[in-house]
Structure formats: structure tokens, C-alpha cells
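Before any comments, here is the structure.
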Amino acid sequence: MRMAEALLFAAAEPLDIDTLASRLPAGTDVGAVIEDLQKLYESRGVNLIRVANKWMFRTASDLSFLMERTAVEQKKLSRAAMETLAIIAYHQPVTRAEIEEIRGVTVSKGTIDVLMETGWVRLRGRKRTPGRPVTYGTTEDFLLHFGLENVGDLPGLDELKAAGLLDGRLPPGFDIPSPSDTGGEGDGEFEDVPAEEYGAAMDEHLSHVADEESE
Numbered sequence: 000m001r002m003a004e005a006l007l008f009a010a011a012e013p014l015d016i017d018t019l020a021s022r023l024p025a026g027t028d029v030g031a032v033i034e035d036l037q038k039l040y041e042s043r044g045v046n047l048i049r050v051a052n053k054w055m056f057r058t059a060s061d062l063s064f065l066m067e068r069t070a071v072e073q074k075k076l077s078r079a080a081m082e083t084l085a086i087i088a089y090h091q092p093v094t095r096a097e098i099e100e101i102r103g104v105t106v107s108k109g110t111i112d113v114l115m116e117t118g119w120v121r122l123r124g125r126k127r128t129p130g131r132p133v134t135y136g137t138t139e140d141f142l143l144h145f146g147l148e149n150v151g152d153l154p155g156l157d158e159l160k161a162a163g164l165l166d167g168r169l170p171p172g173f174d175i176p177s178p179s180d181t182g183g184e185g186d187g188e189f190e191d192v193p194a195e196e197y198g199a200a201m202d203e204h205l206s207h208v209a210d211e212e213s214e
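Residue numbers for the sequence shown follow numbering that gives the first Met the number 0, beginning at 0 and rising by one.
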């Protein structure tokens, strides 16, 4: 347990079970070790938590106020960027046209670029529709920032209502989709084309921004 504790404490990023197992003595029950460490730290100033299916130490939530003075203030996302991020998170893999259809307005120039620069959004593949448009999805950094084990942990309809984030007068049939890290049309479909296709997809994404700036 002390060895696992040392590895997790010194790691620059969260560690998964396989990584821990490869550095611990053969035959170690890593799951049991993690469970013991969680119990040991559950009442301390830092807790052992799981995010994106990996493990890391993080300041206990009730002590987060202590970090406010030293924390670097990050630039807040615009409302359009937050709405776009929410659509991508819940509907991924999703195309630019689908994002615009859901929002009901054109995605302003640079909005998706900003989300990709933060490291929260990535290209996921091409949809098998005319034009083979690229699709977008969230990243591991997105999960780490919001403390989620996977995108399936995003709040559902009832949770959003309870938090007061949804109007009580919702239209009939309104529902919240169940997001997935993998699967879905347009996910992981760069592999069936030449290797440089991923770069071409990024060029395509950037060309949208260039076209909008020239308008």
C-alpha cells in the first residue's frame, strides 16, 4: 500500500490500474490496495479519487476554499462556448452542422477552436454521410477538470431539474441523451482511411474558421 501511495503521490498525472500493477510486485491485488488507500484518505485533507478510469489524489472538496488564493484565475468561457461544449458532451460524436441544428444558431467563429485549445474537445472521426463531415467529442482532460469517471456520469434530466438548471415547463417529449465515450456513427473512423486523414480533418476544421473570418 505504501508503494502505491508513493506512485500516486509522485505521479504528474492520474494512473490507471494497469500502470500501477506494472510497478507493484507481481501478484499484488491492486484493487484491494486502492480500496484500502481510499479508506485511509477519506477523512484527510486529500482524497484518492477516480476520474476518467484513473486514480489520483485531489484536495478534499470541503477544503477547496483554501486553494482560492493561489489558484490561477482562468478565463471564463462565453455562453456560446458553454452551450456548444454541453451539446458536444451529451451528443458526441456530433458534427458542426448538428451542433448548429441543436442550438438553433450558427456556431460563431472560433467557438469550437477555443474548446479544442482548452483540451476539452477533440476530433472523433468522420460521419458516414455525404461529405463525410468530421465529428467532435470530449477528452480525458474534460473528465479530469469536471471530476467525472466517464461521460456517462454527466447529470441526467432529474439531476439537472433538481439543480435548477432546467425550466420546469419543458416541452413534451424533452429528454437528455445518454452520452458515450465510444461508439456511435462518426466515432473512430479515421482508421479506415490513409494515416494523414486525421491531419486533413483538422485542416477541414480550421478552414471553417478561415472562411468565417473572411466573411
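Backbone N, C-alpha and C fix where the C-beta goes; we use that ideal spot for every residue, glycine too.
Residue i, buried or exposed, once every other Cβ within 10 Å from all chains shown has been counted against 16
| i | result |
| --- | --- |
| Arg123 | buried |
| Arg78 | exposed |
| Met0 | exposed |
| Val45 | exposed |
| Leu159 | exposed |
| Ala5 | exposed |
| Pro129 | exposed |
| Pro171 | exposed |
| Pro193 | Interpretation of Pro193 is limited by its pLDDT of 45, a score under 50 that renders its predicted location unreliable; no figure is taken from the coordinates. |
| Arg43 | exposed |
| Asp191 | Reliability of the predicted coordinates at Asp191 is poor, the pLDDT of 45 falling under 50, and the value obtained from them is presented with this limitation in mind. Its Cβ having fewer than 16 others within 10 Å, Asp191 is exposed. |
| Gly163 | exposed |
Identity of the residue in the options nearest residue i by Cα
| i | options | result |
| --- | --- | --- |
| Leu147 | Asp174, Leu65, Val50 and Phe64 | Val50 |
| Phe141 | Leu114, Thr128, Ala5 and Asp15 | Leu114 |
| Arg102 | Gly109, Met81, Thr117 and Pro92 | Met81 |
| Ala11 | Met0, Lys38 and Trp54 | Trp54 |
| Arg127 | Asp186, Leu143 and Asp28 | Asp186 |
| Asp174 | Leu156, Met0 and Pro24 | Leu156 |
| Phe145 | Arg57, Asp35 and Pro24 | Arg57 |
| Arg131 | Val93, Asp152 and Leu153 | Val93 |
| Leu153 | Gly109, Glu97 and Ile86 | Ile86 |
| Arg125 | Glu184, Thr27, Asp61 and Gly26 | Glu184 |
| Asp180 | Gly109, Ser21, Leu65 and Asn52 | Asn52 |
| Gly182 | Ser21, Phe64 and Tyr135 | Tyr135 |
Residues bridged to residue i [DSSP beta-bridge criterion]
| i | result |
| --- | --- |
| Gly137 | The residue asked about is misnamed: residue 137 is Thr in this sequence, not Gly. In DSSP, Thr137 forms a bridge with Val120. |
| Thr58 | Val45 |
| Lys53 | Val50 |
| Val93 | Tyr135 |
| Leu159 | Answer is none; Leu159 lacks a bridge partner. |
| Leu14 | Trp54 |
| Met125 | Looking at the sequence shown, residue 125 is not Met but Arg. Per DSSP, Val133. |
Cβ pair residue i, residue j closer than 9 Å
| i | j | result |
| --- | --- | --- |
| Ile111 | Val104 | no |
| Val150 | Arg95 | no |
| Thr137 | Leu76 | no |
| Gln91 | Pro178 | yes |
| Ala223 | Ile33 | With the chain represented from 0 up to 214, any question about residue 223 goes unanswered, as that position is not in the structure. |
| Ile48 | Gly30 | no |
| Leu19 | Leu7 | yes |
| Pro176 | Tyr40 | no |
| Val106 | Glu99 | yes |
| Pro13 | Leu143 | yes |
Proximity test, residue i beta-carbon vs the ligand GDP heavy atom, cut-off 8 Å
| i | result |
| --- | --- |
| Asp157 | The ligand GDP is absent from the structure shown, which contains no ligand whatsoever. |
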